[in-house]
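**Q** This is the structure, below, for whatever I ask next.
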Amino acid sequence: MRLPVPGDPASLAAAGATARRVGRELAVVEGRGRTAYASLGEIWGTSTSVRTRKQGRRAMAALTDVGRHTEQVGEALQTYAAELSELQARARAVVDAAAERGLVVAEGRVLPAWGVTGEADPRTVGERDAQVRALQAELDAVAVQHRRRRDRLLARIGESREDLEVLAAALRLG
Numbered sequence: 003m004r005l006p007v008p009g010d011p012a013s014l015a016a017a018g019a020t021a022r023r024v025g026r027e028l029a030v031v032e033g034r035g036r037t038a039y040a041s042l043g044e045i046w047g048t049s050t051s052v053r054t055r056k057q058g059r060r061a062m063a064a065l066t067d068v069g070r071h072t073e074q075v076g077e078a079l080q081t082y083a084a085e086l087s088e089l090q091a092r093a094r095a096v097v098d099a100a101a102e103r104g105l106v107v108a109e110g111r112v113l114p115a116w117g118v119t120g121e122a123d124p125r126t127v128g129e130r131d132a133q134v135r136a137l138q139a140e141l142d143a144v145a146v147q148h149r150r151r152r153d154r155l156l157a158r159i160g161e162s163r164e165d166l167e168v169l170a171a172a173l174r175l176g
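When the count follows this note's numbering, it moves up by one through the sequence shown with no breaks and lands on 176 for the last residue.
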């Protein structure tokens, strides 16, 4: 059965951990590169050396920015993975509660199961309708939170992509 909250929290968390690790590794590489470019001036004192060191400093500064963005996106992925896991647990609880009451969840809606489910007296029907409304309200709340959190993650990734595009263009033109 497909849950009302799609996604794979474990894969997102793993991707986030990888991104954060890469961000830390970029910081190490940037430090080594900065040291190498600085030492270049001691052994090569021409105008070409000055230009090369200047380009190297720009490249290392860009590498710092890329590492920072990578870490931030990794953190956002891990945060979203934890939130997604919690939302999926809440959705599963609604599905389980619906099943216990003879209801089903299909395409984001809580519905009576097919077939005869009991007596058709007004009190029983009223109770079932109240249960449907309560479960639907919880399911709707989960869906809204899922959309908001997903949109927040996508916005963060989009901001990072735009910043990195500007950085790449500056490096190309520089």
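Each residue gets a CB set at the ideal place from its N, CA and C atoms; glycine is no exception.
Computed from a prediction, not measured in an experiment: that's the story for all the values here.
Count the other CB atoms, across all protein chains shown, that sit within 10 Å of the CB of A91; report buried if there are 16 or more and exposed otherwise.
**A** Under this definition A91 is an exposed residue.
**Q** With R70 as the anchor, note down where its alpha helix (DSSP H) starts and where it stops.
**A** 49-102 is the extent of the alpha helix (DSSP H) around R70.
**Q** Taking the alpha-carbon positions, what's the A143 to G58 distance?
**A** 51 Å
**Q** Do you know how far the Cα of L86 is from the Cα of P11?
**A** 6 Å
**Q** DSSP state of V112, grouped into three classes?
**A** strand
**Q** Are the CB atoms of L79 and A15 nearer to each other than 9 Å?
**A** yes
**Q** From what residue to what residue does the alpha helix (DSSP H) around R130 run?
**A** R130 -> alpha helix (DSSP H) spans 124-175.
**Q** Please report the Cβ distance between A99 and L155, rounded to the nearest whole angstrom; I am assuming they are in contact, meaning their Cβ atoms lie under 8 Å.
**A** The pair is not a contact, with the Cβ atoms about 28 Å apart (cut-off 8 Å).
**Q** Taking the alpha carbon of Y82 as the reference point, which residue from R150, A40, R26 has its own alpha carbon closest?
**A** R150
**Q** Taking L5 as part of the alpha helix (DSSP H), name the residues at either end of that continuous run.
**A** Per DSSP, L5 belongs to no alpha helix (DSSP H) and is neither H nor E.
**Q** Contact check, S162 vs V75 under 8 Å by CB: the rounded distance?
**A** 5 Å
**Q** Quick one: Cα of W116 to Cα of V7, how far?
**A** 23 Å
**Q** Can you name, in chain order, every residue of its own chain whose Cβ lies under 7 Å from the Cβ of R36, other than the five neighbours on each side?
**A** M62
**Q** Classify E73 as buried or exposed, calling it buried when 16 or more other Cβ atoms lie within 10 Å of its own Cβ.
**A** buried
**Q** Give a yes or no on whether the C-beta atoms belonging to L5 and V97 are separated by under 9 Å.
**A** yes
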